[in-house]
Structure formats: structure tokens, C-alpha cells
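Inspection log for the structure reproduced underneath, given as C-alpha cells.
2 protein chains.
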Amino acid sequence: MSVTIKDVAKKAGVSPSTVSRVLSNNTRISRETSQKVRDVMEELGYHPNIMAKSLVSRTTESICVILPKPAEELFLNLFFMELIRGIVTQANRSGYDVLISSGGSEQEEVEAVSRLLKGKRVDGAILLYSRRDDQVVEFLKKNQFPFVLIGRSEKYPDILSVDNDNVQAAYDATKHLISLGHRRIGFVSGPPNHIVSRDRLKGYTNALEESGLEMRRDWIVEGEFLQESGYRAMSFFMNLPERPTALVVMDDFVSLGVLRGLHELGYKVPEDLCIVSFNNLSISELASPPVSSMDIGIYNLGYTASQALIQSIQHDGEKNLQERYIIPHRLVIRESSVYTPPKQN
Amino acid sequence: MSVTIKDVAKKAGVSPSTVSRVLSNNTRISRETSQKVRDVMEELGYHPNIMAKSLVSRTTESICVILPKPAEELFLNLFFMELIRGIVTQANRSGYDVLISSGGSEQEEVEAVSRLLKGKRVDGAILLYSRRDDQVVEFLKKNQFPFVLIGRSEKYPDILSVDNDNVQAAYDATKHLISLGHRRIGFVSGPPNHIVSRDRLKGYTNALEESGLEMRRDWIVEGEFLQESGYRAMSFFMNLPERPTALVVMDDFVSLGVLRGLHELGYKVPEDLCIVSFNNLSISELASPPVSSMDIGIYNLGYTASQALIQSIQHDGEKNLQERYIIPHRLVIRESSVYTPPKQN
DNA sequence: CCTCCCTGTGGAACCGTTTGCGTTCCTGGA
DNA sequence: TCCAGGAACGCAAACGGTTCCACAGGGAGG
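Residue numbers (the UniProt record's numbering), protein chains in the order written: chain A, 1 to 345; chain B, 1 to 345.
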């Protein structure tokens, strides 16, 4: 069928082991033999069988990324594409392949990852982010499989992970609004079981507190990472007797929902409501008005995660590896937050 | 190290072959033996080594998707995420894994696909779309590897492929504008070496022709699938002595660029310019105003492609397989195209 | 001149499965 | 009673590589 190492060996007049050595750039092979073998490989169109190779070497040179449970919804997000792009680029650069897997339920996720890791199809896994209590993390940790978390684990702070300083980022975003003169600032959060939601909420409250501003429960709403959530949050806020003059919003898509709702109701941004968002996806620049957004380096998160994982796979023994990477953030200011509200207190 | 079929065999007091047969649900294994073996597998936490399995079975139960050349740019697009989502969902449902690969240059793409297919790491490939003359297609066809094209090949019309009827779709989009009373309609195309660009251009001109409308060269501009292209196209059109009153645009992101430019210059949509776009990404709904867009069933394209590929892998011999799948399109009308221009001819 | 070591290569075992071919035991029909 | 045939399972050879070990030959050092 397809050409094997033995075919090459025969044609080159050497033994299979010699061909193998040529393949792995083994020293102790003479220049001439090496060249002859290479010529034959070229001539026969030989490609090493990856399965056979990894069977004996016990390594597959590939990693998998596990998409979060409700991939069907969240997958829509530009966020994941950016992340995957970073992961794939770095992995390919390191000679690794990337396998994408999406589980329906959390149970299915565990089964998938168990099949892939225990079945030795991949060497390690990237988890896109973690709920508060994650069975996949539990499984991977118990079995000592190499993996990296994009996000962080509360339960196991020593897990290899790549994350932003979300507390600081939300603090910075809120501070930006405060420095513009806003005193009544609302917060549109994500799902409460996501750690990132809580971290950012913390940064938000920290900033308010530090500035001696009122932290009101009814100025904090939770939702999904979807535009509908933004829409709902907006209508909630605008129906309040006392409304915030600015909003910190967890995601650009959510912000778009807010923007759209405001537009429908005839409100103006930033005059009626200022907005600072997160993620700095391309849509935040394209919205009208363009919305200020915290760039958290999504591509970089993916890139770094892949790098960290592969490093940890390759240098398994050495335990002097860094275990927490923090990707820097940077606020990109656009029209949606350039307005100073009139004094009224 | 990890538990193998032999460990299970020993513990269950049977031979490895028996365990293997239990694994493959072979008949001719007694109920009791089968149950005993299963119990032991459970107890030991056995998972079959996929590499070993596929080494002998000569099948990997996984496919790869090759991202288009300038993945670094285009990958950004929501389009690809939708597509991949469809592919991954269907593949996982069929028990297949999906491997993502992105090549820098076309040459690198060929190398990647050659390594994956010849190295027997995957059973087949999905190509995201095709340029007019594609070396990857050439390679796959020559080596008789199973693959499916999302899009179509002009050179080899008999290739297994999943596509829209882009001529018809563009015809429908243009007709929609004509039926609103527009007589001067421009076209913002994609890269000219993409077949999809030409197909849609054809549909556009067909519609004009059929309605006895003037087809003007200077009302057709080419660009990339990026917002910048839309911006440039817009400023080109608006500087024309005689401007179109409506535009057919190849992609939603491009439309956003157009929209943004118009907004900056103080033009109103749809009053000053109507827009009908393609792809119906979530952003088209979220834009202001929401833009009419041709839904081409992107998720469905991916889903169907995966299905077709896996089918063709599994039923290799039988040649009675369908070779061209057409995914239906559907125009979603929104605010950007609800305006009838005043008569002036 | 004789070891010793080093270079370059071949032989063979092994990685974890699958599978064709046997073998054993049992049942039933002649 | 004898034997055919089927059910249940074991043996061993692949699958395509890697790698340890052995070994031949040649140069250097004693």
C-alpha cells in the first residue's frame, strides 16, 4: 500500500534502523548514507507513519482543546476564534497538531478528554476556562495529565494556567470612568459561576470603594455572554428611577446588545450612557459609536497557553516551570466613553 | 505504565485476543466472559490505545480541516467559527476527531496536508474554500485521498464539495433591491481569485441584465473580506459623480466597513444608500442599522461537509455517493434595505 | 603488533492492537 | 457410537516505527 521505512531501506540498500536514524538526525550516520537514504525517501515519496511512531515513542505531538460545555452557543463568539487561532499558530510552530473537541454535557467532556488522554491520542489538553467546580480539571489533575487552564482555578491555585489579572483590569476600566467624572457606574456581569465574572466584579467594587463611591446591588446585573443579555441589562438600567451614567460591561457582544437597545429607545452614547467593555473584539471598533474596550490579549492567551502546555509536556521531569502566566491588558478608548456627565450631586 | 489489553487479559484470565473481541463487540464471545472482561476493564480504568489500534486498522477516525492561507487575517472572521462549529459537531457525533491546521503559505499547506494524510494521521480533509487554482486540491486528488471542498472547483467539477448556489443567491439579493425600485446598484466583491466572488458577480449581473439595467464597470469594486475594504469601497462610490443608490456586498464585515464610513461622512442608511450583504453573521443583526443579509447556512455548510467526508471515507468502494451538496440560502431583510429611492431617471 | 575505542551499521525485540487460523469442547444427527 | 460442525477462545503474525545491543573495521596509543 503506502511506502514504509522498509521499502526505503531496501531500495537504499541499508537496514530499516539506518533509515530510522536518518529520520531522527542521529549522528553516527555517515554523510553519504544519510544523503542516499534521503534521496530514496524523496524519490519514493516517503512519509513516516505517525501512528507507528507515536506508538513506540509514547508521544503524539498533538494537543487538544476542549471547548466549553455550551459550545453551541458560546462558540459563536469571536473570542474563541481568536483563542484557537493563537493556540493553533503556536502549536504548529512547535510541530504540534491541535485537535478540537466539544462536549455536550460536562460528563461528555470528561469522557472525551479521558478517551483522548488515556487513549494516548494527545499529549495534553487546553481547557478554555473553568467554572468554579470543574470535573474535567478534577479528572486531569487526578490522572496527572499535562494540561493548562485558560483562566484560573480557585480550588487548585497551583495549576498551570494562563490568565489576565481580571481584578486589575476591571479596576482599571472602572477607574477610567471615574476619572471622567462618573459617580454612578453600573456593572453588567457574566454568568456567576464563572470565575472571571467574580474577579471583574471585585475589581469594579475595589475601584468604587477606593473612590468613595456608592456600590449598589441594583446596579449590578448578571447575564450570559450574549447580546440578549446586554439588551436586557440595558432595559433594566434605563427603567431604574436612579440610573447610572456609565456601564462596565463584561463582553463586547453584550455591549452591542446594550448599544442596540439604547439606539432603539432613542438614547445617545456616550451622552446618555457611557460604556466600557471587555475583550476588544473587532466588533467593538466597528460598532457605532465605536466602544471603548479592555484588550485582554486573547490571541496571546491562546498562544501562551499552547506554549506553556507544550513546554510542560516536553520537560516533564523538571518542576521549575512557571505555573501561572498573566497576560497584560490594555484599555482602548473609543467614542463610547469620552463624555463627562454634568455634575448633579 | 498505562494499562494495556494484556493487563486486562491477565487479570480476567483470558487472552488478549479475547479482550480485543469484547472491545469490538464480536459475537462468539460468551456473555459471561464478555461481562467479566468488561468488569476488569472498568476496574483497571482501561482505555484502548488509539495509536496502536489505528496502526493495525489503518484508519484513524479523525479528519482535518485546513484553514485558508492567510489564516492570520481571515481566521478572525466569525464565518470560520461557524463553519468549524458545524464540522466539529457533526464529526464528534460520528465518532470522529477534528484536527485543525493552518499553513502560512500555500506551499506550507501542501506540506501540512501531505504530512497528515500520507503520515496516516487523519483519514480525510476538509478544505475551507478554493482559489481558482489550488495546489492542495491538486495534491489530494492526485493521491486519491478523501476530501471535501467547501466551495467548488472550476477545474474539477466532479470533486466532492459542499457549496451554496452563489449565482442564484446574488441574483436573489440583487433582485430584492431591484424590486424595491433601485435602478443603480453597485457591487462590492471579494478577492477576484476566489470562485465565490465570480459566482456572485455573475448572479448580480444576471439580475441587472434581466431587468434591463445598466451594468457599469465602475460600480463594481474588488477587495478583501475585511472591513477596510468596505470602507474603501464606500468612499470610492460616494465620490463618484453618479452614485449607486444601493449596494450588494460580499460579506457582513465588509458591510460594517461601509456602514462606518457612511456614518462618518454623515450619510444615512438606508435613505442615502441601501445595503444587502452576505453571510448573515450575528454582527449584521447588531449593526446600526441592522443590515439585510443573505443567510447561506454556514453552520450547515460545515455540518454537511463533515458528513459527506466521513461518508466517503467509510464507504470508499461504493461510488454511488452524491458529489455535490447545495446548501439553501435565504435572504434576511432588515432595516438597511427597506427604502425605495425617489424616481429620477 | 596487540588492544581499545570509536564510527557506522545491522539484527531483533518491542510498542498495543487486530485478526486469520487453529484448537478444544460440546452438541446433535446418522 | 462416531463424526461433523459450531461455539468459544488462544496463538502468533502483522501494522510501521524506534532503540538497545552486537559487531565489523579502522585508527590510535602503548
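Every residue gets a Cβ at the ideal spot worked out from N, C-alpha and C, and that includes glycine.
Being a predicted model, the structure only gives us computed values, none of them experimental.
Nearest candidate by alpha-carbon position, reference residue i, set the options
i, options, result
"B:Gln168", "B:Met294, B:Asp272, B:Gln144, B:Val37", "B:Met294"
"residue 394 of chain B", "B:Lys11, B:Arg93, B:Gln144", "Residue 394 of chain B is absent from the structure shown; chain B starts at 1 and stops at 345."
"A:Ser62", "B:Thr174, B:Lys36, B:Tyr156, B:Ile100", "B:Ile100"
"B:Ser68", "B:Val137, B:Glu43, B:Glu32, B:Leu117", "Note that residue 68 of chain B is Pro in the sequence shown here, rather than Ser. For B:Pro68, the nearest C-alpha among the options comes from B:Val137."
"A:Pro290", "A:Ser336, A:Gly302, A:Val40", "A:Ser336"
"A:Phe225", "A:Ser255, A:Asn206, A:Thr245", "A:Ser255"
"B:Glu43", "B:Leu247, B:Asn77, B:Asp7", "B:Asp7"
"A:Ile313", "A:Thr205, A:Asn206, A:Val148", "A:Val148"
"B:Gly230", "B:Tyr204, B:Glu154, B:Leu201, B:Ile275", "B:Ile275"
"B:Arg184", "B:Glu210, B:Leu116, B:Leu247", "B:Leu247"
"B:Phe80", "B:Leu301, B:Pro342, B:Pro341", "B:Leu301"
"B:Glu271", "B:Glu106, B:Gly181, B:Tyr299, B:Gln107", "B:Gly181"
"B:Thr33", "B:Phe145, B:Pro16, B:Val98, B:Arg200", "B:Pro16"
"A:Ala125", "A:Tyr156, A:Ala91, A:Ile5, A:Gln107", "A:Ala91"
"A:Ser286", "B:Ser292, B:Gly297, B:Val258, B:Val98", "Here the sequence assigns Leu to residue 286 of chain A, which means Ser is not the residue at that position. It is B:Val258."
"B:Val332", "B:Thr340, B:Val269, B:Asp252, B:Glu108", "B:Asp252"
Status (buried if at least 16 other CB within 10 Å, exposed otherwise) for residue i
i, result
"A:Thr18", "buried"
"A:Glu82", "buried"
"A:Ser95", "In the sequence on display, residue 95 of chain A carries Gly and not Ser. Answer is exposed; the Cβ neighbour count stays below 16."
"B:His176", "buried"
"B:Leu240", "exposed"
"B:Val26", "Correcting the residue type first, residue 26 of chain B is Asn in the shown sequence and not Val. Exposed, because fewer than 16 other Cβ atoms sit within 10 Å of the Cβ of B:Asn26."
"B:Val338", "exposed"
"A:Gln135", "exposed"
"B:Gln227", "buried"
"A:Gly203", "buried"
"B:Val56", "exposed"
"B:Asn345", "Bear in mind that the predicted position of B:Asn345 carries a pLDDT of just 47, short of 50, making it too unreliable to give a figure here."
"A:Asn193", "exposed"
"B:Arg330", "exposed"
Sequence-distant residues of its chain with Cβ nearer than 8 Å to residue i (five each side left out)
i, result
"B:Ser197", "Ser189, Gly190, Pro191, Glu222, Met250"
"A:Glu209", "Met215"
"A:Phe75", "Confidence is the limiting factor: at A:Phe75 the pLDDT is only 44, short of 50, which leaves the residue's position unreliable, though a coordinate-based value still follows. Around A:Phe75: Leu67, Ser102."
"B:Leu201", "Ala170, Phe187, Ser189, Ile220"
"A:Asp158", "Glu323"
Own chain partners of residue i with C-beta closer than 7 Å, once the 5 adjacent residues on each side are dropped
i, result
"A:Arg243", "Phe237"
"B:Val235", "Checking the sequence shown, residue 235 of chain B turns out to be Ser, not Val. Closer than 7 Å at Cβ, skipping near neighbours: Gly261."
"B:Ala207", "Tyr171, Thr174, Lys175, Ile178"
"B:Val40", "Val8, Lys11, Ala12"
"A:Phe139", "Val110, Val113, Ser114"
"A:Glu72", "Residue confidence for A:Glu72 is low, a pLDDT of 47 falling below 50, so the modelled location carries little weight; the figure read from the coordinates is stated next. Contacts found: none."
"A:Thr59", "Asp123"
"B:Leu273", "Thr245, Ala246, Leu247, Leu262, Tyr267"
"B:Lys36", "Ala12"
Per-residue DSSP class, three states only, for residue i
i, result
"B:Glu72", "Confidence is the limiting factor: at B:Glu72 the pLDDT is only 47, short of 50, which leaves the residue's position unreliable, though a coordinate-based value still follows. Helix."
"A:Met294", "strand"
"A:Tyr299", "helix"
"B:Ile29", "coil"
"B:Gly151", "coil"
"A:Tyr325", "strand"
"A:Asp163", "strand"
"A:Val19", "helix"
"A:Ser24", "coil"
"B:Glu242", "coil"
"residue 348 of chain A", "The structure shown does not extend to residue 348 of chain A, since chain A is modelled only from 1 to 345, so the question has no answer here."
"B:Leu127", "strand"
"B:Asn345", "Note that B:Asn345 scores 47 on pLDDT, short of 50, meaning its location in the model is unreliable; the coordinates nonetheless yield the value given after this. It is coil, neither helix nor strand."
"A:Phe79", "helix"
"B:Ser94", "coil"
"B:Glu222", "strand"
"B:Val332", "strand"
"A:His278", "The amino acid at residue 278 of chain A is misidentified as His; the sequence shows Phe. In this structure, A:Phe278 counts as strand in the three-state DSSP scheme."
"A:Arg237", "Reading off the sequence shown, one finds Phe at residue 237 of chain A, where the question assumed Arg. Here A:Phe237 sits in helix by DSSP."
"B:Val88", "helix"
Cutoff 6 Å; reference residue i; Cβ partners in own chain excluding five residues on either side
i, result
"residue 354 of chain B", "As shown, chain B starts at 1 and ends at 345. That puts residue 354 of chain B outside it, with no answer to give."
Query raised in the report: With contact counted as at least three CB pairs below 8 Å, one residue from each stretch, are the stretch 254-274 of chain B and the stretch 309-316 of chain B in contact?
Result: no
Requested in this report: Take every Cβ of the stretch 208-222 of chain A, pair it with every Cβ of the stretch 187-196 of chain A, and state whether three or more of those distances are shorter than 8 Å.
Outcome: yes
**Report entry** contact_flag[the stretch 325-336 of chain A, the stretch 157-167 of chain A] where n(CB pairs < 8 Å) is 3 or more
**Finding:** yes
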